[in-house]
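Undergrad: Chains as they are written, first to last, in the numbering used here: chain Y, 1 to 260; chain X, 1 to 260; chain G, 1 to 260; chain S, 1 to 260.
Number of protein chains: 4
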Amino acid sequence: MAGNLNVTVWNEFIHERKPGGKPMEIYPHGIHAALAAHFSSQPGIKARTATLDEPEHGLTAEVLADTDVLFWWGHVGHDRVDDAIVRRVRREVLAGMGLVVLHSGHAAKIFKALLGTECTLKWREADEKEILWNIAPHHPITRGIGERIVIDRHEMYGERHDIPEPDQVIFISWFEGGNVFRSGCTFERGLGRIFYFSPGHETYPIYHRPDILKVLTNAAHWAGEFSARTRAETGGNPRSGEAGSVNEKDPVQPLGRPRG
Amino acid sequence: MAGNLNVTVWNEFIHERKPGGKPMEIYPHGIHAALAAHFSSQPGIKARTATLDEPEHGLTAEVLADTDVLFWWGHVGHDRVDDAIVRRVRREVLAGMGLVVLHSGHAAKIFKALLGTECTLKWREADEKEILWNIAPHHPITRGIGERIVIDRHEMYGERHDIPEPDQVIFISWFEGGNVFRSGCTFERGLGRIFYFSPGHETYPIYHRPDILKVLTNAAHWAGEFSARTRAETGGNPRSGEAGSVNEKDPVQPLGRPRG
Amino acid sequence: MAGNLNVTVWNEFIHERKPGGKPMEIYPHGIHAALAAHFSSQPGIKARTATLDEPEHGLTAEVLADTDVLFWWGHVGHDRVDDAIVRRVRREVLAGMGLVVLHSGHAAKIFKALLGTECTLKWREADEKEILWNIAPHHPITRGIGERIVIDRHEMYGERHDIPEPDQVIFISWFEGGNVFRSGCTFERGLGRIFYFSPGHETYPIYHRPDILKVLTNAAHWAGEFSARTRAETGGNPRSGEAGSVNEKDPVQPLGRPRG
Amino acid sequence: MAGNLNVTVWNEFIHERKPGGKPMEIYPHGIHAALAAHFSSQPGIKARTATLDEPEHGLTAEVLADTDVLFWWGHVGHDRVDDAIVRRVRREVLAGMGLVVLHSGHAAKIFKALLGTECTLKWREADEKEILWNIAPHHPITRGIGERIVIDRHEMYGERHDIPEPDQVIFISWFEGGNVFRSGCTFERGLGRIFYFSPGHETYPIYHRPDILKVLTNAAHWAGEFSARTRAETGGNPRSGEAGSVNEKDPVQPLGRPRG
Chain Y
1 MAGNLNVTVW
11 NEFIHERKPG
21 GKPMEIYPHG
31 IHAALAAHFS
41 SQPGIKARTA
51 TLDEPEHGLT
61 AEVLADTDVL
71 FWWGHVGHDR
81 VDDAIVRRVR
91 REVLAGMGLV
101 VLHSGHAAKI
111 FKALLGTECT
121 LKWREADEKE
131 ILWNIAPHHP
141 ITRGIGERIV
151 IDRHEMYGER
161 HDIPEPDQVI
171 FISWFEGGNV
181 FRSGCTFERG
191 LGRIFYFSPG
201 HETYPIYHRP
211 DILKVLTNAA
221 HWAGEFSART
231 RAETGGNPRS
241 GEAGSVNEKD
251 PVQPLGRPRG
Chain X
1 MAGNLNVTVW
11 NEFIHERKPG
21 GKPMEIYPHG
31 IHAALAAHFS
41 SQPGIKARTA
51 TLDEPEHGLT
61 AEVLADTDVL
71 FWWGHVGHDR
81 VDDAIVRRVR
91 REVLAGMGLV
101 VLHSGHAAKI
111 FKALLGTECT
121 LKWREADEKE
131 ILWNIAPHHP
141 ITRGIGERIV
151 IDRHEMYGER
161 HDIPEPDQVI
171 FISWFEGGNV
181 FRSGCTFERG
191 LGRIFYFSPG
201 HETYPIYHRP
211 DILKVLTNAA
221 HWAGEFSART
231 RAETGGNPRS
241 GEAGSVNEKD
251 PVQPLGRPRG
Chain G
1 MAGNLNVTVW
11 NEFIHERKPG
21 GKPMEIYPHG
31 IHAALAAHFS
41 SQPGIKARTA
51 TLDEPEHGLT
61 AEVLADTDVL
71 FWWGHVGHDR
81 VDDAIVRRVR
91 REVLAGMGLV
101 VLHSGHAAKI
111 FKALLGTECT
121 LKWREADEKE
131 ILWNIAPHHP
141 ITRGIGERIV
151 IDRHEMYGER
161 HDIPEPDQVI
171 FISWFEGGNV
181 FRSGCTFERG
191 LGRIFYFSPG
201 HETYPIYHRP
211 DILKVLTNAA
221 HWAGEFSART
231 RAETGGNPRS
241 GEAGSVNEKD
251 PVQPLGRPRG
Chain S
1 MAGNLNVTVW
11 NEFIHERKPG
21 GKPMEIYPHG
31 IHAALAAHFS
41 SQPGIKARTA
51 TLDEPEHGLT
61 AEVLADTDVL
71 FWWGHVGHDR
81 VDDAIVRRVR
91 REVLAGMGLV
101 VLHSGHAAKI
111 FKALLGTECT
121 LKWREADEKE
131 ILWNIAPHHP
141 ITRGIGERIV
151 IDRHEMYGER
161 HDIPEPDQVI
171 FISWFEGGNV
181 FRSGCTFERG
191 LGRIFYFSPG
201 HETYPIYHRP
211 DILKVLTNAA
221 HWAGEFSART
231 RAETGGNPRS
241 GEAGSVNEKD
251 PVQPLGRPRG
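1. For D79/X and G96/X, what's the separation of their Cα atoms in angstroms?
2. Buried or exposed: where does P164/S fall if 16 or more other Cβ atoms within 10 Å of its Cβ makes it buried?
3. Per DSSP, R229/X is paired with what?
4. From the beta carbon of E248/G, is the nearest beta carbon of chain X less than 8 Å away?
5. Can you find the residues in the same chain that come closer than 6 Å, C-beta to C-beta, to L99/X, ignoring five residues on each side of it along the sequence?
6. Kindly give me the distance between the Cβ atoms of N11/Y and I31/Y, rounded to whole angstroms, as I take these residues to be in contact under 8 Å.
7. Please return the same chain residues whose Cβ sits closer than 7 Å to the Cβ of R259/X, not counting the five positions on each side in sequence.
8. With distances taken between CB atoms, is the gap from H103/G to G21/G smaller than 8 Å?
9. Examine chain G for any beta-carbon lying closer than 8 Å to the beta-carbon of L99/Y, and answer yes or no.
10. Determine the extent of the beta strand (DSSP E) in which V7/X is found, giving its start and end residues.
11. Mapping the DSSP letters down to three states, classify I135/G as helix, strand or coil.
12. Any C-beta of chain G within less than 8 Å: which residues of the segment 172 to 204 of chain S qualify?
13. Look at the alpha carbon of V319/S and the alpha carbon of A223/S, and state the distance between them as a whole number of angstroms.
14. Pick helix, strand or coil for R207/X, following the three-state DSSP scheme.
15. If I follow the unbroken beta strand (DSSP E) through K263/Y, where does it start and stop?
16. May I have the straight-line CA-CA distance separating E176/X from T186/G, to the nearest angstrom?
17. Please return the same chain residues whose Cβ sits closer than 8 Å to the Cβ of A108/S, not counting the five positions on each side in sequence.
18. Is the CB of W73/G under 8 Å away from at least one CB in chain S?
19. For G137/Y, return the contacting residues in chain X, with the cut-off set at a CB-CB distance below 8 Å.
20. For I149/Y, which option in A47/X, E225/X, E202/X, N179/X has the closest C-alpha, if you only look at C-alpha atoms?
21. List the endpoints of the continuous beta strand (DSSP E) containing I194/G.
22. Say whether the segment 127 to 144 of chain G touches the segment 229 to 241 of chain G, bearing in mind that this needs 3 or more beta-carbon pairs closer than 8 Å, one atom from each stretch.
23. Give me the Cβ distance between N247/Y and W123/S, rounded to the nearest whole Å; I'm assuming they're in contact under 8 Å.
24. In angstroms with no decimal places, state the Cα-to-Cα distance between S227/S and V89/S.
25. Is the closest heavy atom of the ligand GTP to the C-beta of E130/Y under 7 Å?
26. Should D68/G go down as buried or exposed, given a rule of 16 or more other Cβ atoms within 10 Å for buried?
27. Are L35/X and V9/X close, meaning C-beta to C-beta below 8 Å?
28. Along the segment 101 to 126 of chain Y, where does the CB come closer than 8 Å to a CB of chain X? Name the residues.
29. Tell me which residues share the same chain as H106/G and place their Cβ nearer than 6 Å to its Cβ, disregarding the 5 neighbours each side in the sequence.
30. Y204/X and R143/X look like a contact to me (Cβ under 8 Å); what is the Cβ gap, rounded to whole Å?
31. Return the first residue and the last residue of the alpha helix (DSSP H) that I92/S is part of.
32. Give the single residue among N4/Y, D211/Y, D167/Y whose Cα lies nearest to the Cα of L115/Y.
33. Taking all protein chains shown into account, decide if P55/S is buried (16 or more other Cβ within 10 angstroms of its Cβ) or exposed.
34. Let's test the definition: count the other Cβ atoms within 10 Å of the Cβ of A50/S and tell me whether it reaches 16, buried, or not, exposed.
35. For K249/Y, does the count of other Cβ atoms within 10 angstroms reach 16, so buried, or fall short, so exposed?
36. In chain order, what residues of the segment 209 to 242 of chain X put their CB closer than 8 Å to some CB of chain S?
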């Protein structure tokens with residue numbers, strides 16, 4: 001089946017290259033490669049990757065024009081992301097590209113630029129149990145997911161997460177150590193859909209779990225829907241015909257009657 | 001100081017009348033009396049009570065006309081509340097009266113009638129710790145409340161709570177047994193503000209805690225703001241001058257020009 | 001192509017049966033028949049109709065169980081709709097059936113029961129121009145619709161429409177006589193999606209317009225999405241396996257440790 | 001009465017300094033001076049001004065620390081606003097300062113930085129009638145305002161305004177030439193409240209109208225509420241004690257039991 005949803009997985013790809021580290025053990029080719037391999041195995045999805053060290057961080061205008069939904073994993077390298085690339089990605093989201101921000105991407109420049117807040121939170125590395133409660137069982141993102149996802153050991157992310165009130169909270173997490181977190185949230189900016197999903201610390205094999213991968217696949221289809229259908233309808237760059245976001249003089253005078 | 005916010009606390013008043021029970025021990029005169037006594041001690045608040053067994057459940061047209069915010073505590077007596085009284089309360093909320101629904105009031109007729117859903121949830125009586133995380137520290141309802149409220153032993157209420165997406169989630173609760181709950185939520189219906197706050201099981205002395213009472217006092221001021229200021233401005237029933245919610249023919253033809 | 005979205009169009013069917021009237025001229029077999037004929041012509045949709053005068057208003061448990069999205073057109077017959085049927089439809093929406101409420105259906109019992117407000121508005125029959133501005137060009141409901149829809153002559157519906165803040169406003173209408181109206185709005189209640197769309201007075205051939213029909217087809221797919229995919233996955237009634245909205249005791253004790 | 005709400009009115013102050021121009025005729029000392037004079041005449045408000053040409057645009061750390069709500073009027077000078085000052089203002093809003101953005105401020109850097117979108121719109125200078133419909137008659141911002149405000153001649157601002165779905169739409173405008181506009185919208189970012197209000201083109205005496213000034217006064221109280229009460233409670237800078245928005249390690253281990 002020909003791919004009809006184009007996914008690009010971006011990763012700073014720093015942790016996983018440190019020899020002997022847990023991240024390398026879990027994701028020998030990087031988190032991006034693991035996710036892209038999964039997406040490519042799904043009918044209707046064509047996946048590629050991009051990383052910090054590539055020219056333009058791998059996010060050239062051509063790559064983005066061919067992307068319906070961009071996944072973003074970053075952590076210690078946020079400051080190394082070029083502001084010009086952040087602006088470019090932001091423009092594409094506003095014009096209709098989907099964006100899925102993962103885990104520590106809560107502090108990525110692109111997330112803060114689109115949400116407007118600092119997106120700070122509480123955290124703790126205590127190897128504790130997390131339970132994600134599905135509070136939107138009818139949402140496309142939770143298709144095939146039951147009422148909860150249990151992760152035996154994970155890093156804690158806790159409220160208050162400094163985000164604007166989400167359009168919809170999809171998951172709320174419970175942590176063994178006493179915290180809660182809005183672990184799945186949707187937003188819209190311009191014509192683009194955004195999903196934030198917090199599971200995915202680099203020292204846990206979270207992205208090998210079928211349930212987590214199912215959420216991410218659902219999220220790809222949901223966030224990329226507008227771009228993918230526009231691509232299908234136009235046969236090309238889903239955002240090339242977009243007038244974009246410009247101030248526009250409107251000549252409308254529908255009644256055409258002289259001022260009385 | 002003359003009272004300028006009129007609070008009515010409604011309680012089904014069933015549990016607390018059972019001799020030898022825990023509720024009677026904790027609230028010898030009923031939950032309503034405990035709450036009203038607190039509110040009456042606050043500057044600017046005039047409080048009264050109403051209960052299920054009174055004529056018209058104590059919620060006559062006169063009482064409601066003199067009420068800026070109504071607190072509602074019900075549990076085993078939901079079905080005994082007269083539908084005509086529910087309609088009357090609903091009309092007042094739509095016209096601008098505030099409503100604060102407490103704990104098991106999540107299943108009260110009035111709450112379901114205003115929200116449109118069944119408001120079901122998970123629950124468990126296991127005497128467990130609850131932590132309410134304050135995720136809206138700038139909201140008037142959390143004035144003077146820190147980042148969390150800890151309740152050592154309480155009944156569990158858990159998601160999925162079948163409510164529409166709230167206007168704003170104020171508190172999210174963590175329960176020792178693995179559940180989470182949106183324990184403080186705001187809604188608007190018509191001109192009325194609604195706050196749902198889940199702490200308050202009848203077998204725990206929750207409503208004797210200063211922090212919980214502070215939340216409720218804040219909520220009274222927030223939910224009753226429109227009604228109280230309208231009362232102050234009109235010197236009488238804040239909703240008597242209200243055209244109310246009626247279909248209305250609009251004569252506007254602002255340009256006054258003949259159809260071209 | 002086999003139908004995979006089941007649409008039921010409900011109409012009170014009163015105006016169009018009055019001999020010599022404009023509605024009969026425009027919709028000789030009723031608004032429901034006109035809409036159902038259109039839907040049936042669309043790939044993937046199977047449409048049926050139901051009207052007020054049929055037993056149970058045509059909305060038996062069997063019909064609803066086989067419906068993914070219900071369209072509702074009512075006006076002078078709102079009071080004649082049986083409360084038991086309203087409760088049945090409401091239950092289905094809460095369990096995941098889509099609902100599209102048309103024009104004067106703003107005052108239908110089912111709409112008020114789900115939204116919680118009275119849904120009153122301003123109106124005027126002055127045969128005036130309406131322009132619907134599309135403010136959500138990326139939403140599935142506006143697929144294929146440009147930046148505005150112009151209706152040369154229509155009844156005016158104006159603000160303030162007494163509805164809760166919508167999840168999303170899709171269209172805002174301008175009327176020649178000086179009014180504005182949120183003419184396309186989305187809501188969610190329980191697991192069900194709701195779309196209100198105001199065009200469609202019975203004396204204008206609104207539902208024969210390709211652009212309006214395109215909006216309604218889009219709305220059918222959007223509102224019925226959850227039900228239709230659940231039907232496809234289960235091969236039967238999309239809501240039969242639904243635990244439904246019930247209070248449920250939760251046994252979770254994930255850590256299983258003795259109270260310290 | 002001692003001032004207890006500190007308002008700062010910022011204006012680029014360009015149009016009004018052009019000799020012989022309409023803006024100078026209407027606002028001889030600038031829009032900021034006209035607004036500040038009005039605010040200063042209101043009980044409980046202390047107002048000051050700041051303009052583009054002052055050092056640090058008049059928005060020093062000291063001025064902002066002493067500001068509960070900042071009004072922003074800009075148009076042709078958006079690009080001349082220093083990015084460092086924009087970041088400073090943004091930090092204050094996230095920490096709880098109110099912000100009211102006026103008219104052409106829709107394209108100001110600070111508004112785009114907080115909302116995340118480009119905030120583009122349609123416009124037309126055709127000297128046409130505008131009617132603002134009040135769709136939130138219970139909101140503090142519309143206190144004392146009737147169901148509509150009529151402006152006989154104004155510049156047109158029309159949809160689609162590229163903003164995220166507002167928390168609440170307060171006013172929707174009708175324009176003689178066929179357009180509509182969400183002319184009053186509320187947002188929250190961090191702990192700060194934001195109100196966008198579109199009336200106020202520099203060639204019309206909009207800010208001399210009592211009804212418009214009433215809206216702005218109401219908006220000042222609404223947006224500055226958190227900062228003003230915090231100032232009153234702390235007796236100083238309402239945001240100095242603010243931990244601010246930082247990632248924070250949380251030591252909570254409430255049950256203190258060994259991992260089972």
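Even for Gly, the Cβ is constructed at its ideal location relative to N, Cα and C.
TA: Checking against the coordinates, here is how it stands:
1. For the purposes of this step, residue 79/X is identified with residue 79 of the second sequence, where counting begins at 1. For the purposes of this step, residue 96/X is identified with residue 96 of the second sequence, where counting begins at 1. If I take the Cα positions, the gap works out to 25 Å.
2. To locate residue 164/S, count along the fourth sequence from 1; it is residue 164. Looking at its Cβ environment, which holds 16 or more other Cβ atoms inside 10 Å, P164/S is buried.
3. Here residue 229/X refers to the residue found at position 229 when the second sequence is read from its first residue. R229/X pairs with nothing; no bridge assigned.
4. Here the question's residue 248/G lines up with position 248 in the third sequence. Judged by the 8 Å Cβ criterion, E248/G is in contact with chain X.
5. Here residue 99/X refers to the residue found at position 99 when the second sequence is read from its first residue. Same-chain partners within the cutoff: L70, V93, I194.
6. One-based indexing of the first sequence puts residue 11/Y at position 11. One-based indexing of the first sequence puts residue 31/Y at position 31. Yes, N11/Y and I31/Y are in contact; Cβ-Cβ is about 5 Å, under 8 Å.
7. Position 259 of the second sequence, counted from the start, is the residue given in the question as residue 259/X. Note that R259/X has pLDDT 37, beneath the 50 cutoff, so the model's placement of it is unreliable and the number below is only indicative. Excluding sequence neighbours, R259/X sits near nothing in its chain.
8. For the purposes of this step, residue 103/G is taken as residue 103 along the third sequence, with counting starting at 1. For the purposes of this step, residue 21/G is taken as residue 21 along the third sequence, with counting starting at 1. No. Outside cutoff.
9. Taking the first sequence and counting its residues from 1, one reaches residue 99/Y at position 99. It does not: the Cβ of L99/Y has no partner Cβ on chain G nearer than 8 Å.
10. As a first step, residue 7/X is located in the second sequence; it is residue number 7 there, counting from the start. Looking at the DSSP string, the run of the beta strand (DSSP E) that includes V7/X is 5 to 11.
11. Numbered from its first residue, the third sequence carries residue 135/G at position 135. I135/G falls in the coil class under three-state DSSP.
12. I172, S173, W174, F175, G178, N179, V180, R182
13. One cannot answer for residue 319/S here, as it falls past the ends of chain S, which runs 1 to 260.
14. Walking along the second sequence from the start, residue 207/X turns up at place 207. Strictly speaking, residue 207/X in this sequence is Tyr, with Arg absent from that position. It is helical.
15. Past the edges of chain Y, shown from 1 to 260, lies residue 263/Y, and the structure says nothing about it.
16. By 1-based counting over the second sequence, the position of residue 176/X is 176. By 1-based counting over the third sequence, the position of residue 186/G is 186. One C-alpha to the other measures close to 37 Å.
17. Translated into the one-based positions of the fourth sequence, residue 108/S becomes position 108. The residues are W72, G74, H78, V81, V101.
18. If you number the third sequence from 1, residue 73/G lands on position 73. Judged by the 8 Å Cβ criterion, W73/G is not in contact with chain S.
19. Counting from 1 along the first sequence, the entry for residue 137/Y is found at position 137. At residue 137/Y the sequence reads Pro, which differs from the Gly that was named. Under the 8 Å cutoff, chain X gives R160.
20. On the first sequence, residue 149/Y is found 149 positions in, with the first residue counted as 1. Ranking A47/X, E225/X, E202/X, N179/X by Cα distance to I149/Y puts N179/X first.
21. For the purposes of this step, residue 194/G is taken as residue 194 along the third sequence, with counting starting at 1. Element bounds for I194/G: 192 to 197.
22. no
23. Within the first sequence, residue 247/Y is the residue found at index 247, counting from 1. Within the fourth sequence, residue 123/S is the residue found at index 123, counting from 1. The pair is a contact, with the Cβ atoms about 6 Å apart (cut-off 8 Å).
24. The count along the fourth sequence starts at 1 and reaches residue 227/S at position 227. The count along the fourth sequence starts at 1 and reaches residue 89/S at position 89. Straight-line Cα distance between these residues: approximately 14 Å.
25. Ligands in the displayed structure: none, and consequently the ligand GTP is not present.
26. Looking up residue 68/G in the third sequence gives position 68. Its Cβ being crowded by 16 or more others within 10 Å, D68/G is buried.
27. Indexing the second sequence from 1 puts residue 35/X at position 35. Indexing the second sequence from 1 puts residue 9/X at position 9. Yes. Within cutoff.
28. none
29. In the third sequence, the residue the question calls residue 106/G occupies position 106. Excluding residues within five positions, the ones whose Cβ falls inside 6 Å are C119.
30. Sequence index remark: in the second sequence, residue 204/X carries index 204 (1-based). Sequence index remark: in the second sequence, residue 143/X carries index 143 (1-based). In fact, because the Cβ distance is near 24 Å, the residues do not count as touching under 8 Å.
31. Residue numbering aside, residue 92/S sits at position 92 when the fourth sequence is read from its first letter. A quick correction: the sequence has Glu, not Ile, at residue 92/S. Unbroken alpha helix (DSSP H) run through E92/S: 83 to 94.
32. As a working mapping, residue 115/Y is identified with position 115 in the first sequence. Answer by Cα proximity: D167/Y.
33. Position 55 of the fourth sequence holds residue 55/S. Exposed.
34. Numbered from its first residue, the fourth sequence carries residue 50/S at position 50. Buried.
35. For the purposes of this step, residue 249/Y is identified with residue 249 of the first sequence, where counting begins at 1. Exposed.
36. E225, F226, R229
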